Amino acid sequence: MGMCSVNARSVEHPDRRLSTGVSGGNVLKDKYGKEIEDILSRYPVKRSALIPLLYVAQRDQGYVTEAAMQEIAALLRLTPPQVYETITFYTMFNLKPVGKFHLQVCKSLMCALVGSDTVIGWIKTKLGIAPGETTADGLFSLSAVECLAACGTGPMMQVNEDYYEQLTEDKLDRILSDLRLTGTSPLKSGPFMWPEPVTGKSET
Amino acid sequence: MPKHELILLKNMMQPGYTGSLPDYEKAGGYQALRTTLGKIAPADVTTMVKKSGLRGRGGAGFPTGVKWGFLPKDYEGPRYLCCNADESEPGTFKDRQLMERDPHQVLEGIVLACYAIGAETAYIYIRGEMVLGSKILEHAIAEARAAGYIGRNILGTGVHVDIWVHRGAGAYICGEETALLESLEGKRGLPRIKPPFPATHGLYNKPTVVNNVETLANLPHIINRGPEWFAAIGSPPKSTGTRVFCVSGHVKRPGNYEVPMGVTVRELVYEHAGGMRSDKPIKAFIPGGASAPFLTPAHLDVKLDFEHVAAAGSMLGSGGVTVMEEGTSMVWAALRLMEFFYHESCGKCSPCREGSSWLVQTLRRILAKRGRMQDLETLLDLCKNIAGRTVCAFGDAEVAPIQSTLKYWRQEYVDLISEAEAANLIQLEPAGRH
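Residue numbers (my numbering), protein chains in the order written: chain A, 74 to 277; chain B, 2 to 435.
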């Protein structure tokens, strides 16, 4: 219930002391003040800004820290458990650090029909990690995820914010090497259209 | 390529079309806005949409104009439009293309819908993974705002519509309209008990309409060319217009194909998607996304419209057509989909939360050749106790793959279990008995 504004410091999560140590603070507000204000202006009810603000926090640290959750709770006049109950529902929020490149391979039926298990196998061999694991250098994490709405161009994976589709072993090698060297890869998908028009091969 | 006229994909199929505002305007874009705002009464726009026969393209297929008509007429406070862009139904990837390749077509549809229902704020709830799509939409909104198509006093008509992009964060259930509203309110995406319906108690408890991307993208065309024109396309009177079918699986050319409703699966697969990848015969297909029951080669000439697919025992759903070739294990396919539903069950209703886990475990056991004959009864019994016993339609959806594969390919289950039982017998019998 959004109406009770409990002091962030007084609320403890049963298994993790969400509120010990740093409480609230203004780290995000100082760094992203204008963006946060812009987000808040879009909604008549503050709590609607919760997911957008969690994204701001995740972009900042690669995952959402407890301190960030507390700061956001205070910003939106929510209790830390209210933030926690929301964040734990959504798979895209990381509650602990992940590798610099988060490889998320779709394993749902449509991709599985065209070889997604093979792609996961390649990654296991090439990087030595299984789904749920991160390479020792902290560069790559692997997850097998459910449908990413690219079923006509599978097998596919998402790496951080980008889609990579119609994967082959050769393409995967190039992507991994590009990521290591430059932090991104030109093989990522642009504005989606498949199939492309037969006449006039114009691709952005 | 296509013998019929393209409506939604027409612009983007033109060479060099980028989806920018100038491109969209050159193709006749925002014309519907000019002819409608302040010139046609909002109630008449609703009447036109009713007359067109347009039905929701998200999955349920509810008539769009009728849905709008449920909003209270005399309500003074704010109303909201939510564009459902949480495209997450396995097998479906059309909204992504509509948003990333021709975003203004969607935005024009949103403004028209807002005008018809009297909403001044619209949220596009886009699935969190589609970062590129959300950036493209944000850019298009900025373009349209600068040109006066969105914002305060649109084109000097006194109509205000603001559109905001709101990213989800990875939860299939948020495509269910009341879960979407919960999520948009910053909560866990748990579906609400209906009634009350969003039309009266939606976002922030205010009258709200939730429409799918493709549904909204049809609106400018219905206004420009008239409801009669639209109502004559496809399979009138109940399935009008085109559908952007997403073809995936073992076909030569998977992808999005816009065709009039009522084409057959055979046409879609062999004329549009290039036929089967390895020229093997079709063993099974899903006509409308993961929630739609599997069908067999005997259904290849079923017309892809709402009524005919339903009569065949499945549903047109979201338009995701997944085709499987001879040799694909149906138990494996059912398990893959069941794992998806297990992962995505929101946990609100016990039958779905617990049942999905039991279904996955039982299927895994059968596939690992450790099954027992009574597992088949257990599966059907579980399905019966999930479907229709949950707050939202997820419960009905998750049992579809199992019920339909058991109906048409029961022998595959039986064979796996027989093998398992034979192996067990050998182990159990004392050595030297025979």
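Note that the Cβ used here is the ideal one computed from N, Cα and C, for glycine as well.
In this text the structure is predicted, and so the values were computed from the model without any measurement.
request  = Keeping to the same chain, check which residues put their C-beta closer than 8 Å to that of valine 192 (chain A); ignore five residues upstream and five downstream.
outcome  = Answer for valine 192 (chain A): Val178, Pro228, Met230, Leu240 and Leu245, listed in chain order.
task = Report the residue ranges of all beta strand (DSSP E) runs contained in full by the segment 155 to 219 of chain A; include only those spanning at least 3 residues, in chain order.
result = Counting only runs of 3+ residues, the beta strand (DSSP E) found wholly inside the segment 155 to 219 of chain A occupies 174 to 179 and 213 to 218, in chain order.
request  = Taking a Cβ distance cut-off of 9 Å, strictly less, list which residues of the segment 209 to 223 of chain A are near chain B, in chain order.
outcome  = Look at the segment 209 to 223 of chain A: the residues with a C-beta under 9 Å from a C-beta of chain B are Val218, Glu219, Cys220, Leu221, Ala222 and Ala223.
task = In angstroms with no decimal places, state the Cα-to-Cα distance between alanine 141 (chain B) and glycine 242 (chain B).
result = Taking the straight line joining both Cα atoms gives about 26 Å.
C-beta neighbour in chain E for histidine 140 (chain B), strict 8 Å = No chain E appears in the structure shown, which is made up of the protein chains A and B.
Which listed residue (B:Glu355, B:Tyr124 and B:Asp306) has its alpha carbon closest to that of asparagine 213 (chain B) = It is B:Tyr124.
request  = Kindly indicate the opening and closing residues of the alpha helix (DSSP H) around serine 405 (chain B).
outcome  = For serine 405 (chain B), the uninterrupted alpha helix (DSSP H) segment begins and ends at 395 to 409.
ask   = For the beta strand (DSSP E) that phenylalanine 265 (chain A) lies in, which residues bound it at each end?
value = Premise fails: phenylalanine 265 (chain A) is in no beta strand (DSSP E) and is neither H nor E.
query = Should methionine 374 (chain B) be labelled buried (16 or more other beta-carbon atoms within 10 Å of its own) or exposed?
reply = Classified as exposed, methionine 374 (chain B) has fewer than 16 neighbouring CB atoms from the shown chains inside 10 Å of its CB.
query = In terms of alpha-carbon separation, which member of B:Ile283, B:Asp45 and B:Pro237 lies closest to serine 249 (chain B)?
reply = For the residues B:Ile283, B:Asp45 and B:Pro237, the minimum Cα distance to serine 249 (chain B) belongs to B:Ile283.
Neighbour flag for glutamate 234 (chain A) against chain B, beta carbons, 8 Å = With 8 Å as the cut-off, glutamate 234 (chain A) counts as an interface residue toward chain B.
key: Closest Cα partner of lysine 188 (chain B) within the set A:Lys119, A:Ala209, A:Gly194 and A:Ser114   = Closest option to lysine 188 (chain B), judged by alpha-carbon separation, among A:Lys119, A:Ala209, A:Gly194 and A:Ser114: A:Lys119.
key: Residues sharing a beta bridge with phenylalanine 246 (chain B), DSSP   = Answer by DSSP bridge pairing, in chain order: B:Tyr258.
message = Just checking: is the beta-carbon of valine 266 (chain B) within a distance shorter than 8 Å of some beta-carbon in chain A?
response = Any Cβ of chain A closer than 8 Å to the Cβ of valine 266 (chain B) would place that residue at the interface, and such an atom is absent.
task = Alpha carbon to alpha carbon, how far is phenylalanine 63 (chain B) from aspartate 243 (chain A)? Give it in angstroms, no decimals.
result = C-alpha separation (whole angstroms): 45 Å.
message = If the criterion is Cβ atoms closer than 8 Å, does the pair arginine 168 (chain B) and isoleucine 124 (chain A) meet it?
response = Cβ distance < 8 Å, so arginine 168 (chain B) and isoleucine 124 (chain A) count as in contact.
query = Whose C-beta lies closer than 6 Å to the C-beta of glycine 94 (chain A) among residues of the same chain, with five residues either side of it excluded?
reply = Note that glycine 94 (chain A) scores a pLDDT of 40, beneath 50, so its modelled location is shaky and nothing firm can be said.
query = alpha helix (DSSP H) containing asparagine 219 (chain B): first to last residue?
reply = From DSSP, the alpha helix (DSSP H) with asparagine 219 (chain B) extends over 214 to 226.
query = Exposed or buried, which one is arginine 411 (chain B) when buried takes at least 16 other CB atoms within 10 Å?
reply = Taking all protein chains shown into account, arginine 411 (chain B) has fewer than 16 neighbouring C-beta atoms within 10 Å of its C-beta and is therefore exposed.
inquiry  = Within the continuous alpha helix (DSSP H) that includes glycine 356 (chain B), where are the two ends?
reply    = 351 to 368 is the span of the alpha helix (DSSP H), which, as asked, contains glycine 356 (chain B).
ask   = For threonine 164 (chain A) and chain B, any beta-carbon pair shorter than 8 Å?
value = At least one CB of chain B lies nearer than 8 Å to the CB of threonine 164 (chain A).
key: Short-range partners of chain B found in the segment 107 to 120 of chain A, where Cβ spacing is below 7 Å   = Flagged, chain order: Arg115, Pro117, Val118 and Arg120.
request  = Determine the DSSP secondary structure at serine 419 (chain B), reduced to helix, strand or coil.
outcome  = Helix.
key: Enclosing beta strand (DSSP E) for methionine 14 (chain B) [first to last residue]   = Unbroken run through methionine 14 (chain B): none, as it is neither H nor E.
ask   = Applying the criterion that 16 or more other CB atoms from any shown protein chain within 10 Å of the CB defines a buried residue, is asparagine 12 (chain B) buried or exposed?
value = Asparagine 12 (chain B) counts as buried, since at least 16 other C-beta atoms from the protein chains shown sit within 10 angstroms of its C-beta.
task = Please go through the same chain and pick out, in chain order, the residues whose beta-carbon is closer than 8 Å to the beta-carbon of threonine 257 (chain A), but skip the five residues on each side of it.
result = Closer than 8 Å at Cβ, skipping near neighbours: Asp235 and Asp251.
ask   = Listed from N- to C-terminal order along the chain, which residues in the segment 120 to 144 of chain A have their beta-carbon within a distance smaller than 8 Å of any beta-carbon of chain B?
value = Here the close residues are Arg120, Ser121, Ala122, Leu123, Ile124, Pro125, Leu127 and Tyr128.
ask   = Which of helix, strand or coil does DSSP assign to glutamine 106 (chain B)?
value = In the structure shown, glutamine 106 (chain B) sits in a helix (DSSP, three-state: H, G or I).
query = So isoleucine 142 (chain B) is in the alpha helix (DSSP H); what residue range does that whole segment cover?
reply = For isoleucine 142 (chain B), the uninterrupted alpha helix (DSSP H) run begins and ends at 132 to 147, by DSSP.
ask   = Cβ of valine 95 (chain A) less than 8 Å from any chain B Cβ?
value = Below a pLDDT of 50, predicted positions are generally treated as unreliable, and valine 95 (chain A), at 47, falls in that range; no measurement from the model is reported.
ask   = The beta strand (DSSP E) with cysteine 83 (chain B) in it runs from where to where?
value = Counting along the chain, the beta strand (DSSP E) containing cysteine 83 (chain B) begins and ends at 81 to 86.
query = Between which two residues does the beta strand (DSSP E) carrying arginine 168 (chain B) extend?
reply = Per DSSP, arginine 168 (chain B) belongs to the beta strand (DSSP E) from 163 to 168.
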